[in-house]
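See below for the structure under consideration.
In structure tokens:
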């Protein structure tokens, strides 16, 4: 825990009390009511982070989803706490987030239909500026391109209700040693996860937030760390749920299920 700075200087203040409906407002002449600069904020003090989400033409994007994952030390505690929150930008493309306590690991995921998702993080352990959370931060989302395909069985029959997960492998970022200032924002690794993309009755699926080919570029350092390994930009995964009466571990059943499935994907 960081030491708490104590101030022993005494101020002689003229206090003016205004009584309104049994409530008192205290005015301190000569004291500014303006917001404190970031450098003056105490380590455990809660503050706000105003997030701006714009498109490539600097126009605000309303309805963008912001997922906040924050690990921090609450005031007076030596144990870190983890909190998750979801926000949505208003018509100005703005969302105001609360940043609590002393930051250990703050991560933000920004997404909007038909736009390429972005990601930003402030991590004390891996970034030299990981503890310097700004008062405002801007994300600029590029329009996505369309990718789609068909999921079928070994006989070519389409399979409906398959959840398709798509991962952008070019979004991988090497961790420098020693730590350096973080790069923010960066492409989000997950383009589709959970239940965002599901095949229809014809086994078809479409995803419209995929970066253009020119943006699917691997970090040069990754090539140095793994020379000779083929670079696959997009990774597709399938998840199928079947109601099968089984006993014990069903891993063998899942393996046979995967072997019966095929997938065709292409740019649309």
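Numbering (this note's numbering), first residue to last: 1012 to 1279.
Glycine included, each C-beta is placed from N, C-alpha and C at the ideal position.
It should be emphasised that the depicted structure is a prediction, and the values quoted were computed from it without experimental measurement.
If distances are taken between C-alpha atoms only, which option among the options comes closest to residue i?
| i | options | result |
| --- | --- | --- |
| residue 1197 | 1157, 1149, 1093 and 1113 | 1149 |
| residue 1070 | 1102, 1057 and 1058 | 1102 |
| residue 1157 | 1192, 1072, 1208 and 1076 | 1208 |
| residue 1151 | 1062, 1249 and 1245 | 1062 |
| residue 1190 | 1135, 1078, 1074 and 1065 | 1135 |
| residue 1067 | 1091, 1155 and 1215 | 1155 |
| residue 1202 | 1194, 1221, 1217 and 1215 | 1221 |
| residue 1080 | 1098, 1056 and 1087 | 1098 |
| residue 1076 | 1125, 1223 and 1180 | 1125 |
| residue 1248 | 1178, 1218, 1206 and 1224 | 1178 |
| residue 1218 | 1184, 1161 and 1225 | 1161 |
| residue 1105 | 1228, 1163 and 1064 | 1064 |
If you draw a straight line from the alpha carbon of residue i to that of residue j, how long is it in whole angstroms?
| i | j | result |
| --- | --- | --- |
| residue 1210 | residue 1166 | 17 angstroms |
| residue 1112 | residue 1127 | 31 angstroms |
| residue 1254 | residue 1143 | In this prediction, residue 1254 scores a pLDDT of 42, lower than 50, which makes its location untrustworthy; no coordinate-derived value is stated. |
| residue 1132 | residue 1116 | 7 angstroms |
| residue 1246 | residue 1188 | 28 angstroms |
| residue 1226 | residue 1090 | 40 angstroms |
Just to confirm my understanding: we take residue i, look at its own chain, exclude 5 residues before and 5 after, and list those with CB closer than 6 angstroms. What are they?
| i | result |
| --- | --- |
| residue 1186 | 1137 |
| residue 1293 | Beyond the ends of the chain as shown, which are 1012 and 1279, falls residue 1293; an answer cannot be given. |
| residue 1078 | 1097 and 1120 |
Got a sec? Which residues, its chain only, sit under 8 angstroms from residue i by beta carbon, not counting five neighbours each side?
| i | result |
| --- | --- |
| residue 1130 | 1118, 1119, 1120, 1121, 1182, 1196, 1197, 1198, 1199 and 1200 |
| residue 1059 | 1107, 1108, 1109, 1110 and 1146 |
| residue 1192 | 1138, 1139 and 1140 |
| residue 1228 | 1181 |
Quick check: is any heavy atom of the ligand NAP less than 7 angstroms from the C-beta of residue i?
| i | result |
| --- | --- |
| residue 1094 | For the ligand NAP, the structure offers nothing, since it holds no ligand at all. |
Among residues of its own chain, excluding the 5 on either side of residue i, which ones have a beta-carbon nearer than 7 angstroms to its beta-carbon?
| i | result |
| --- | --- |
| residue 1212 | 1171 |
Buried or exposed: which applies to residue i, given that a residue is buried once 16 or more other Cβ atoms fall within 10 Å of its Cβ?
| i | result |
| --- | --- |
| residue 1047 | Low per-residue confidence applies at residue 1047: pLDDT is 44, beneath 50, and the placement is therefore not dependable, though the value from the model is reported in the following sentence. So residue 1047 ends up on the exposed side. |
| residue 1174 | buried |
| residue 1281 | Any question about residue 1281 goes unanswered here, given that the chain covers just 1012 to 1279. |
| residue 1100 | buried |
| residue 1093 | exposed |
| residue 1074 | exposed |
| residue 1087 | exposed |
Shorter than 8 angstroms from the beta carbon of residue i to some beta carbon of chain D?
| i | result |
| --- | --- |
| residue 1213 | In summary, chain D is missing from the structure at hand, where a single protein chain is found. |
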